[in-house]
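The structure under discussion appears below in the form of structure tokens.
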Amino acid sequence: MKIALIGASGNAGSRILAELSGRGHQITAIARDMSKIPPAPGVTASAVDIADVAKLAEALRGHDAAISAVHFTASDPDKLIEAVEAAGVHRYLVVGGAGSLEVAPGKLLVDTPEFPAQYRAEAQGGVAFLDKLRGNSRLEWTFLSPSALFSPGERTGRYRLGTDQLLTHENGSSISFEDYAIALVDEVERPRHIRQRFTVGY
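Residue 137 in UniProt numbering sits at position 137 of the sequence shown, with consecutive numbering throughout.
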């Protein structure tokens, strides 16, 4: 497939880029600094200001799918969605956050007293982004939330999937960037969550 990856040099983005490349896809890797995109099979680096809707739409045009792997506090969801739509790319996947997941019926993780204050703005941005997508019937969107602890680790290929509830295990709630990337690329290749949010964890 031909896939545009926005935020390809970040923690999640770089692992998604490696996973896509390893599976033989053609990727336009969009980042502010092209020098942070390592050479890899099928990868074309592109420096685009994601706040410029027209330029981003131009970069996205002609792709089978677009993936957003950018921080919510460093991007405008309205502009990202507008650019994807203007480009005519119907399949849109978003690297979500854990804050919008439920820990009890109707209670989000971001609204719990234990949620770290330094991550609250980012998490609330994710909640807002998901709300915008849920109101969008034009795109075939998917929002994939990681578990609470989202960090570098092993590429094990072992994980569980859920829907809107935070996944937990005996040691808490976690997923590596590497295994998250597998789950996301699996969804790109075999869509099972069109116009849905789902989550991945151990």
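Backbone N, C-alpha and C define an ideal beta-carbon position, used for all residues, glycine too. Please read all numbers here as calculations on a predicted model, not as lab measurements.
**Q.** CB-CB length for Arg32 against Asp64, believed under 8 Å
**A.** A Cβ-Cβ distance of about 24 Å is found for the pair Arg32 and Asp64, leaving them out of contact under the 8 Å criterion.
Q: Kindly list the residues whose CB is nearer than 7 Å to the CB of Phe143, restricted to its own chain and excluding five residues on each side of it in sequence; keep chain order.
A: Excluding sequence neighbours, Phe143 sits near Val94, Gly96, Leu130, Leu133 and Arg197.
Q. If you draw a straight line from the C-alpha of Thr163 to the C-alpha of Ala18, how long is it?
A. Roughly 26 Å separates the two Cα atoms.
Q | Alpha-carbon to alpha-carbon, Ile3 and Ile67 | A | Rounded to whole angstroms, Ile67 and Ile3 show a C-alpha spacing of 8 Å.
Q. Is DSSP giving Phe177 helix, strand or coil here?
A. Phe177 carries a helical assignment under DSSP once its states are collapsed to helix, strand and coil.
Q. Is the CB-CB distance between Ala51 and Ile30 below 9 Å?
A. Going by C-beta atoms, Ala51 is not nearer than 9 Å to Ile30.
Q. How about Pro146 and Ile175: are their beta carbons less than 9 Å apart?
A. A contact, by the Cβ cut-off of 9 Å.
Q) So is Glu114 buried or exposed if we call it buried at 16+ other beta carbons inside 10 Å? A) It counts as exposed.
**Q.** Gly106 versus Leu167 - alpha carbon distance
**A.** Their backbone Cα atoms lie some 16 Å apart in a straight line.
Q: Tell me, please, which residues DSSP counts as bridged to Tyr202.
A: Per DSSP, Tyr202 has no beta-bridge partner at all.
Q: Give the straight-line distance between the Cα atoms of His169 and Tyr202, rounded to the nearest whole angstrom.
A: Taking the CA atoms as reference points, His169 sits about 7 Å from Tyr202.
Q: Go ahead and label Leu138 buried or exposed: buried means 16 or more other beta carbons lie within 10 angstroms of its beta carbon, across all protein chains shown.
A: Correcting the residue identity first, residue 138 is Arg in this sequence and not Leu. Arg138 counts as exposed, since fewer than 16 other beta carbons sit within 10 angstroms of its beta carbon.
Q) In chain order, what residues of the same chain lie with their CB nearer than 7 Å to the CB of Asp49, ignoring the 5 residues before and after it? A) These residues qualify, in order along the chain: Lys55.
Q) What do you reckon, are the CB atoms on Glu140 and Pro77 nearer than 9 Å? A) For the 9 Å CB-CB criterion, Glu140 and Pro77 do not form a contact.
Q) In terms of residues, what are the limits of the beta strand (DSSP E) holding Ala87? A) Counting along the chain, Ala87 falls outside any beta strand (DSSP E), though it belongs to the alpha helix (DSSP H) covering Pro77 to Ala87.
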